[in-house]
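To start, the structure itself, in structure tokens.
Numbering (the working numbering), first residue to last: 128 to 195.
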């Protein structure tokens, strides 16, 4: 069963819209955030159980969980 992201698709850090990839992950700032690819590279600490999830924009325009 595929997991679809139903939350906001705006990055909590830069406030830009996530286009191809969305991360829901813990940051090096100590909090969790929804992040775009660029902000995840700067602030994300990993993908996995208790650390974060990665979603990609699928062919139906929905963010589908692919890792974590």
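Beta carbons: idealized from backbone N, C-alpha and C, even for Gly.
Please read all numbers here as calculations on a predicted model, not as lab measurements.
Rounded separation between residue i and residue j - CA only
i: residue 156; j: residue 188; result: 30 angstroms
i: residue 129; j: residue 148; result: 16 angstroms
i: residue 192; j: residue 161; result: 13 angstroms
i: residue 141; j: residue 176; result: 25 angstroms
i: residue 163; j: residue 143; result: 8 angstroms
i: residue 169; j: residue 184; result: 21 angstroms
Under 7 angstroms between C-beta atoms of residue i and residue j
i: residue 194; j: residue 186; result: no
i: residue 150; j: residue 171; result: yes
i: residue 154; j: residue 145; result: no
i: residue 166; j: residue 138; result: yes
Residue i, buried or exposed, once every other Cβ within 10 Å from all chains shown has been counted against 16
i: residue 173; result: exposed
Legend entry - Ordered list of beta strand (DSSP E) runs contained in the region 131-162, each at least 3 residues: 148-153, 159-162
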